[in-house]
Amino acid sequence: MRRPATRTRTAVATALIALGAALLTPAASAADAPAPLPIADPTDYCGQQCADILPPGQSGNATLAQILAHKAFGTLPAHTSDQLARYDSLVAGYPGLTDAKVNEFFNDASFGVPADQVESTTRPRSDVTITRDKKSGVPHIKGTTRYGTSFGAGYAAAQDRLWQMDLFRHVGRGDLTPFAGGALANQGLEQQFWPQAPYTEADLQAQVDRIRTAEGERGRLAMEDAQAYIDGINTYRVQSKNGRYFPGEYVLTGHINSITNAGEIKPFKLTDLIALASVVGGLFGGGGGGEVQAALSLLSAQQTYGLEEGTRVWESFREREDPEAVLTVHDGTSFPYAQKPADPRGAALPDAGSVTAEQLVYDRTGSAATAAAANPPKLMKPSMSNALLVSGAKTASGHPVAVFGPQTGYLAPQLLMLQELQGPGISARGASFAGVSMYVQLGRGQDYAWSATSAGQDITDTFAVELCEPGGGAPTRTSTSYLYRGTCTPMEKLEHTNAWKSSVADPTPGGSYRMQVWRTNYGIVTHRATIAGKPVAYTALRSTYRHEADSIIGFQMFNDPSYVKDARTFQEAAQHIGYAFNWFYADSREAAYYNSGSNPVRPAGVDAALPVQGKQSYEWQGFDPVANTAAYTPPAEHPQSIGQDYYISWNNKQAKGYGAAGFGMGSVHRGDLLDQRVKPLVAAGGVTRAKLTQAMADAAVTDLRAENLLPELLAVLRSAPVTDPAVGAAIDKLAAWQAAGTERKETAPGSKTYGHADAVRIMDAWWPLLVEAEFKPGLGAPLYDALRASLTVDEAPNAGHGPTGSHAGSAFQYGWWSYVDKDLRTLLGRPVSGPLARAYCGSGSLPACRDAMTATLKQAAAATPAAVYPADGTCAAGNQWCADAIVQRPVGGLSHPQINWQNRPTYQQVVEFPAHR
């Protein structure tokens, strides 16, 4: 029955190609200049020593004809994929990198466009010019008025990302499926993000109004800039619709008729920026939460070992303040926050077996009622970021060097887009999230550069609210009222009913469902349980909820050359950002660091790692539920530094005393991959841009487990003669890989075959087996499983079960690396600071541990490539290189080739300023 439908679609597509042939190149708007003019800016102090890269390419819009041509012939519009090969080629090219060769792998990020490199010039208004360069098509936006500059930013963003911006405003509002179709990925996106930041239209408008009225002159200016930006988007929206060069996805999803042009691209408005900001902040700027699962693992430990010993065991796995953890501020300075209280009070642990997750989706019909739809994929995962900076005293030039950028995953087009902004009070080039790009969010100014990594410190708490019935009856676990400051208060129900139908772009059959959450003064209900037999609801309260775009003030300051003049003023600007980020700064004189975030001040004795009772005595200090404001820790208490010899960050622990918000901040962390490379560079001195880039690139292809844990594993295995030939052969392969550098890297460019491929396969198969054999017997299955729910065992590049999914680049952020490390070092009699509470491998017996390791290694060595690397819809079974490879996940009609695995920022800068204002 499907073949006639296929023929019909093919016929339609053929007709559309014919009708749209003239649209292969978007028509020039009436505002296009007759001849391109160069833009040069004399206030560039980087001396062509600033570089950046953002794959796959700048352009993210494609007309219907371009999409259909791509599907039929594989062609791609200009600048949609021209940064991908350069990004990919660093894997093979970094060993021979020199400063002179940096721009073979990166873009020249100088201000302006040389006259002979101008590709096009557009003047959407008389007070702004958008010039694009030939090499990458990046828009260089120069305004003579502030309004014109921001208008141009919006216009250029729409030129490059109109469809994507439209998609993600619907993601933020929780109504993606009616807009784009009911594909499982679309269901997963709206179900992932809307419960984190559910808002009514009035809530969104209130956030706009608050910035405009409560943030002083800068708040008023920010909303003026935002409105000009929206005006620019809408101008291009209308022009492209009338000129029929709008993104073809609007036709393929049924919003516009390809023949009559009937239909609409709905206008953008300021509240869309809030919705978009909630998605970005939720992905990269949150921190904390997870206290319910932490409580469940604590309870399991106490049930296994008893109250006192169980708590001690749990704390050793929690690693709140591990003395061996790699630090960003490594000079010994302490910044106490969210530490374990000496005299805890207010904890709200559930009764055993009483916790159930709050239901989100109701009333499923059609394709929403299928078994697959019950657990749709969550494709957007926090991917984190990294940074390497060396102060001038340790560099060849005497000026700081920085290699840094965010890991934002790999989409086609990317969430981020490049731009240069020059206008009154604005001077910057870099990356911004599409849809909120009125300012550069990560990039460079006239004589300084900055970037960020996700910090993840604890700005989200879980409260247990006691349920009640308004009429005084006995509450149940399903009650929808709760005690708030002694009064039985109804919860607020927020809901979306989403329905979709099939389209050419998404043939998923029609369906519908209703998403529902309950909102309280203490946040959104996430779980139900009982405590001492009384029904409660657990709620999650994030300090930045209802403040999704307040950080716009800090970004405005970053772009203002009259404000940021040195490291100290940059840190002051970063204090205006409420999301949890680690900010890094470099100019010609100083490298610096500052941790931002609205860190709530908790009452004495409240343990941020566990749920707390929803009572006034345990609320954040100064808490106002109407605006979700509270007292926050002052800037001086945030981790920060200026002039440290070097800084590294890969979402590791920030500083001594700064409590880890989750599990996994222990003795082995992927931050060690950077620290172990940068520290010897700094000790030797003479660091250059090329050397620091090499350190990053080498870490990006290294297997953390193999580099940091194979020495201990091999020591255990070789603690007695190896008699099994299969085990001996596996040990020899692993040892050879270790000696060669433990890289997951092609034998030669394009071979798509790893060096030491057998050793890589053995490690991938062995790791989950060895962890289970090491810990499960001693912990017992219930506690082992509870701890795995708080921290996944493995996050290899191909570990699709891990938090970041497969083909996502980012790897080795989460895993049981530290636990294995500490347990084996204890067993081998080596020094351990902050050891685990008990011995696990072989119950502390080296021979028994060796037997367990030997048995699991033999099992892993026998696993076939097809078993270790199953087919996944992208790769054939057994294809090791492909299983690791990065895929640019399409969010529109264009796709791109796979590239080599790299554990590397998506957008990345390499900078060294030789001069300063």
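According to the working numbering, the sequence shown is numbered sequentially starting from 41. Glycine is no exception: its CB is placed at the ideal position from the N, C-alpha and C atoms.
Helix, strand or coil at residue i [DSSP, three-state]
i      : result
Ile181 : strand
Asp606 : coil
Pro235 : helix
Glu289 : helix
Ile314 : helix
Lys541 : coil
Leu428 : strand
Asp501 : strand
Ala91  : strand
Gln247 : helix
Val741 : coil
Cys86  : coil
Ala906 : helix
Pro930 : strand
Val950 : strand
His956 : coil
Leu876 : coil
Residue i - containing alpha helix (DSSP H), residue span
i      : result
Pro675 : It is not in any alpha helix (DSSP H) - Pro675 carries neither H nor E in the DSSP assignment.
Thr344 : Glu331 to Tyr345
Asp962 : Nothing can be reported for residue 962: it is not among the residues displayed for the chain, which extend from 41 to 957.
Tyr276 : Gly256 to Gly283
Asp362 : Looking at the DSSP string, Asp362 is not in any alpha helix (DSSP H), and its letter there is neither H nor E.
Trp921 : Gln920 to Asp924
Sequence-distant residues of its chain with Cβ nearer than 6 Å to residue i (five each side left out)
i      : result
Gly222 : Ser407, Trp540, Thr548 and Gly551
Ala254 : none
His709 : Val366 and Asn692
His616 : Ile593 and Gly594
Cys922 : Cys915
Trp777 : His796 and Ala799
Glu460 : His180 and Arg469
Where the beta strand (DSSP E) through residue i begins and ends
i      : result
Gly445 : Val441 to Pro446
Lys574 : Lys574 to Arg582
Cys528 : Thr527 to Pro530
Leu523 : Ser521 to Tyr524
Ile939 : Unbroken run through Ile939: none, as it is neither H nor E.
Lys696 : Lys696 to Tyr698
Ser374 : Ser374 to Tyr377
Ser494 : Tyr488 to Ser494
Gly406 : Val401 to Gly406
Leu558 : Checking the sequence, you will find Trp at residue 558 rather than Leu. Segment Gly551 to Thr560, the beta strand (DSSP E) holding Trp558.
Gln98  : Neither: Gln98 is in no beta strand (DSSP E) and is coded neither H nor E.
Val722 : Here Val722 belongs to no beta strand (DSSP E); instead the alpha helix (DSSP H) covers Gly711 to Ala724.
Ser681 : Gln680 to Ile682
Tyr859 : Unbroken run through Tyr859 is the alpha helix (DSSP H), Trp857 to Leu867; no beta strand (DSSP E).
His295 : Segment: none, His295 is in no beta strand (DSSP E) and carries neither H nor E.
Contacts around residue i, its chain only, beta-carbon distance under 7 Å, and the 5 residues preceding and following it disregarded
i      : result
Ala580 : Gly329, Thr500, Thr502, Gly563, Ile564 and Thr566
Asp383 : Gly645
Arg801 : Pro905, Val908 and Gln920
Arg358 : Ala649 and Phe703
Gln333 : Ala829 and Ser830
Trp354 : Ser337, Leu338 and Ala341
Pro235 : Leu400, Val557 and Ile564
Residue i Cβ short of 7 Å to the ligand SAM heavy atom set
i      : result
Pro822 : The ligand SAM is absent from the structure shown, which contains no ligand whatsoever.
Neighbourhood of residue i by C-beta distance below 8 Å, restricted to the same chain and skipping five residues each side
i      : result
Leu886 : Val756, Ser759, Leu867 and Leu868
Ala246 : Arg586
How do the region 895 to 909 and the region 391 to 399 stand: do at least 3 beta-carbon pairs fall below 8 Å, yes or no? In short, these stretches do not touch, since the Cβ pair count stays below three.
At what residue ranges does the region 107 to 191 contain a whole run of the alpha helix (DSSP H), taking only runs of 4 or more? Along the region 107 to 191, the alpha helix (DSSP H) occurs as fully enclosed runs of 4 or more residues at 124 to 133, listed in sequence order.
contact_flag[the region 687 to 704, the region 353 to 370] where n(CB pairs < 8 Å) is 3 or more: Cβ pair count under 8 Å is three or more, so yes.
Entirely within the region 589 to 674 and at least 3 residues each: give me those beta strand (DSSP E) ranges in chain order. Listed in chain order, they are 621 to 627 and 631 to 636.
My parser needs the alpha helix (DSSP H) runs of 4 or more residues fully inside the region 781 to 849; what are they? 797 to 819 and 821 to 830, all fully within the region 781 to 849.
Considering only residues of the region 431 to 482, which uninterrupted beta strand (DSSP E) runs meet the minimum length of 3 residues and lie entirely inside it, listed in chain order? The qualifying runs are 441 to 446, 456 to 463 and 466 to 473.
When the Cβ atoms of the region 676 to 691 are set against those of the region 627 to 637, are three or more pairs found closer than 8 Å? Short answer: they touch.
Decide yes or no for the touch test of the region 139 to 154 against the region 89 to 96: beta carbon pairs closer than 8 Å, at least 3 of them. Counting C-beta pairs with one atom in each stretch, the region 139 to 154 and the region 89 to 96 have three or more that are closer than 8 Å, which means they touch.
Does the region 663 to 679 come into contact with the region 276 to 295, if we say contact requires no fewer than three beta-carbon pairs (one atom in each stretch) closer than 8 Å? Between the region 663 to 679 and the region 276 to 295 there are fewer than three C-beta pairs closer than 8 Å, too few to call the two in contact.
I'd like to know if the region 852 to 862 and the region 810 to 828 are in contact, where contact means that at least 3 CB-CB pairs between them fall below 8 Å. In this structure the region 852 to 862 touches the region 810 to 828; the number of beta carbon pairs closer than 8 Å is three or more.
Does the contact criterion of 3 or more C-beta pairs under 8 Å hold for the region 184 to 202 versus the region 267 to 275? Counting Cβ pairs under 8 Å, three or more are found: they touch.
Do the region 930 to 940 and the region 468 to 475 make contact, defined as three or more Cβ pairs closer than 8 Å? Note that the region 930 to 940 does not touch the region 468 to 475; fewer than 3 beta-carbon pairs, one per stretch, sit closer than 8 Å.
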